[in-house]
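These protein sequence lines map, in sequence, to chains A and B. Sequential numbering from 1118 applies to the first sequence in the working numbering. Sequential numbering from 21 applies to the second sequence in the working numbering. A short write-up of the structure that comes next.
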Amino acid sequence: MRAATRAPVRAGSFAVQLIAVSVLVLPLLVVTLQAVSRGWFYPDVLPRELTFDPAGEVLGRRRTLAALADGLAVGASVTVVAFIVGWPAARVLAGRSLRARGLVFGVLFLPSLLPAVGLAMGVNIVLLHTPLRSSMGGVVVAHLVPTLPYAVALLTAVFVRTDVDQERQAAVLGASPWQRFRMVTLPAAAGGLAVAAALVFLVSWSQYLLTLLAGGGQVVTITMLLFSALSGGNPTTIAVLALCAALPSVGALAVASVCLREGGGR
Amino acid sequence: MSLRVEGVRKRFSRQGDDVLDGVSFTVPSGSLTCLLGPSGVGKSTVLHIIAGLTAADAGTVHLAGRRLDGVAAHRRPLTMLLQRPHLFDHLDVADNVAFGLRVRGVRRTARRAAALEHLRMVGVHELASRYPRQLSGGEAQRVALARALAVQPSVLLADEPFAGVDGPVRRELQDLVIGLHRELGMTMVVVTHDMAEAFAMGDRLAVLDGGRICDEGTPEELYERPRSERTARLLGVSNRWSGTLHGGRLHVGERCLAVCPSNALGPLEGHRRSRWGIRPDRVRVGCGGANPITGTVTALRFVGAFAEATIGEGAGAVIAHLPADGRWRVGDPVTVDLPIEHLIELEDS
């Protein structure tokens, strides 16, 4: 009887999983095929010729490599700075005694409610008056506006689940504040921190308008190259750049997934 | 090493009352002192202040004559078992036990050996390679105990360490701590709200209630002769009456009871209001004593080894332990005696 009632549930669950995989994997598969094909035109179901030559040519361009390097540098810098700034804020927000936690989160997420163009213009106007204009540092600062709220929110979620008494226990066993951080807090929160880092990195990695305005054309990322190619490039170049843009996301999510599994979700 | 807590005060909110209102007590070197009190009176706070995890608003803590105020928790020569084991999930059992040695810079092989030795002391050395999530509550608490002992503290503080375990496991852990205390001769302070646990474990008790230490002494002293009303209530002196001492006798309502001068807190001569009590297990069934009381059983509760009977009604009711032989029923007439050697005067709180 119980097995009979479970069967439709299992079928439904399988269907949901199938749809999820299709939505995520099929576009990636199509883009991958496009990236390694030469001449894939309507109404062909599959490419006529599979070759790595166009992909190699796009990836071999100095501009592409520089964009990859800049994007990674900006994303990594933003993640580090967002963590350094967001860590103490998240510790306070995760504390039991803070009454106005909701209000603080509301204020923190206000920039996310603004239209992207308005936000980018505002940040750009501020940066124009500083030495950071049209520099990588400026782009990092600009990216902090949309990423910092996520960093604080994610770190807060991590610290809320972290057992503060473990740190107290470590203290009475003789661990200094630095030892407590290194040997207790960090390992206990590793999974959550990896997920937070991955998401902050991805928010930065996918920024187009902020990078364009704050970088003033001096800082070019893969996302910018992709947007540029979309307005007139050939499909293979677009597919290669799209894969380049997607790969760090997939990699970051994979790392986060492994960390979560090993860290027991904390 | 002896520990002295002097005039410690603590308040958690500006508007609130002092949770601790001048707590003072001494833990003699090598003793196992139980800090006993009802839930929520600040016993854990006292321990946290001694350990340096919470700052006191006023007062001092001295360890072997050295003032500990202002010394960071990790620099104090003592350690503490918190209410739950709080094992580090990412470390195996041996590494958990070796944690305190690791932060002290002890080499891996030496600390591993020390960890195994301490795990053997608490009887769980076979669990060395397991992770905390693979342990039962009792096993985890044994590992936590081994971890605390591994750093060889001058004083071991334990905050209701067996709160998470019940029945035989709790008893085993109590016996383990008593055995280790005898073997190591370490000064220990154990916080508990359980009178039986405090009596079973402690060679000294300090009773905390109302923000202060109400009583200090050996378990036997406090069992037979609690000084304060709060201690008496906590230790099961459920017969407590207010009366008037007049002519060397205690007048409670219609009753006139004989009392023993050595059980009074002041002179029996003269006329004064006074509070007296007697344990229900000291009330004797039958007449023939100095203070016979006759009444009817108004309530009866079977407890196992005895039946707890309420004799009479209202403020003058007497609670007595009657033999659990099925002889007694509610409504039965009964005569009991309040032996004068067990009738004690209490400080009114």
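Every residue, glycine too, gets a C-beta built ideally from N, C-alpha and C.
Exercise. Among V1289/A, L1347/A, A1369/A, S1348/A, which has the Cα closest to the Cα of S1321/A?
Worked result: A1369/A
For this session: May I ask you to report which of helix, strand or coil DSSP gives N311/B?
Result: coil
For this session: Consider the Cβ of R1278/A: report whether some Cβ of chain B lies at a distance smaller than 8 angstroms.
Result: no
Exercise. Does the Cβ of N116/B have 16 or more other Cβ atoms within 10 Å, making it buried, or fewer, making it exposed?
Worked result: buried
Problem set entry | 8 angstroms Cβ cutoff met for V189/B and L165/B | no
Problem set entry | Closest Cα partner of C54/B within the set A160/B, D235/B, A170/B, G231/B | D235/B
Problem set entry | Contact with chain B by G1382/A, beta-carbon distance below 8 angstroms | With a pLDDT of 41 at G1382/A, under the threshold of 50, the predicted position of this residue should be treated as unreliable, though the coordinate-derived value follows. No Cβ of chain B is located within less than 8 angstroms of the beta carbon of G1382/A.
For this session: Assign H110/B to one of three DSSP states: helix, strand, or coil.
Result: coil
Problem set entry | Simplified DSSP state of T318/B, which is helix, strand or coil | strand
Exercise. Between E367/B, T74/B, Q172/B, L176/B, which lies nearest to R1285/A when the distance is taken from Cα to Cα?
Worked result: T74/B
Exercise. Which value, in whole angstroms, describes the spacing of the CA atoms of D368/B and G60/B?
Worked result: Rounded to the nearest angstrom, the two C-alpha atoms are 21 angstroms apart.
Exercise. For E365/B, does the count of other Cβ atoms within 10 angstroms reach 16, so buried, or fall short, so exposed?
Worked result: buried
Exercise. Among A118/B, R122/B, R127/B, V126/B, which has the Cα closest to the Cα of H145/B?
Worked result: A118/B
Problem set entry | Below-8 angstroms beta-carbon distance, P1205/A vs any chain B residue | no
Exercise. In this structure, does DSSP put L1146/A in helix, strand or coil?
Worked result: L1146/A falls in the helix class under three-state DSSP.
Problem set entry | V1240/A to T1264/A span [Cα, whole Å] | 14 angstroms
For this session: Entirely within the stretch 90-136 of chain B and at least 4 residues each: give me those alpha helix (DSSP H) ranges in chain order.
Result: Whole alpha helix (DSSP H) segments, 4+ residues: 113-117, 119-122.
For this session: Measuring alpha carbon to alpha carbon, tell me which of L67/B, L363/B, I331/B, L56/B ends up nearest L176/B.
Result: Ranking L67/B, L363/B, I331/B, L56/B by Cα distance to L176/B puts L67/B first.
Problem set entry | Partners in chain A for A93/B, counting only beta-carbon separations shorter than 7 angstroms | Listed along chain A are A1288, V1289, each with a C-beta nearer than 7 angstroms to that of A93/B.
Exercise. For T65/B, which option in D179/B, S149/B, R87/B has the closest C-alpha, if you only look at C-alpha atoms?
Worked result: D179/B
For this session: Could you tell me the boundaries of the beta strand (DSSP E) in which R360/B lies?
Result: According to the sequence provided, residue 360/B is Ile. The question's Arg does not apply to it. Looking at the DSSP string, I360/B is not in any beta strand (DSSP E), and its letter there is neither H nor E.
Problem set entry | Helix, strand or coil at R1383/A according to DSSP, with G and I counted as helix | Reliability of the predicted coordinates at R1383/A is poor, the pLDDT of 43 falling under 50, and no value is obtained from them.
For this session: Specify the secondary structure class of V330/B as computed by DSSP and reduced to three states.
Result: Reading off the sequence, residue 330/B comes out as Thr, not Val. Residue state, collapsed to three classes: strand.
For this session: Give the straight-line distance between the Cα atoms of S1130/A and A1373/A, rounded to the nearest whole angstrom.
Result: Near 24 angstroms, if we compare the C-alpha coordinates of A1373/A and S1130/A.
Exercise. Where do the ends of the beta strand (DSSP E) carrying S294/B lie?
Worked result: 291-298
Exercise. Is it buried or exposed for G1381/A, if we count other Cβ within 10 angstroms and need 16 for buried?
Worked result: Because G1381/A sits at a pLDDT of 48, beneath the cut-off of 50, its placement in the model cannot be relied upon, and the following sentence gives the value as read from the coordinates. G1381/A comes out exposed.
For this session: Quick one: list the residues of chain B neighbouring R1285/A, beta-carbon separation under 9 angstroms, in chain order.
Result: H68, A71, L73, A93, M100, L102, H106
Problem set entry | With 16 other Cβ atoms within 10 Å as the buried cut-off, status of S51/B | buried
Exercise. What residues in the stretch 118-147 of chain B have a beta carbon less than 8 angstroms from any beta carbon of chain A?
Worked result: F119, G120, R122, V123, R124
Problem set entry | Within chain A, partners of V171/B - CB distance below 7 angstroms | L1290, G1291
Problem set entry | Coarse secondary structure for R304/B, derived from DSSP in three states | If DSSP states are grouped into helix, strand and coil, R304/B belongs with the strands.
Exercise. Going along chain B in order, which residues have a C-beta closer than 8 angstroms to the C-beta of Q1134/A?
Worked result: The contacting residues do not exist; Q1134/A stays about 28 angstroms from chain B at best.
Exercise. Which residues in chain B sit within 9 angstroms of Q1296/A, going by Cβ to Cβ distance?
Worked result: Among the residues of chain B, those whose CB is under 9 angstroms from the CB of Q1296/A are H94, R122, V123, following chain order.
Exercise. Whole-angstrom Cβ separation of V272/B and G263/B, contact assumed at under 8 angstroms?
Worked result: Confirmed, about 4 angstroms.
Exercise. If you drop the 5 nearest sequence neighbours on each side, which residues of the same chain put their C-beta closer than 6 angstroms to that of L204/B?
Worked result: none
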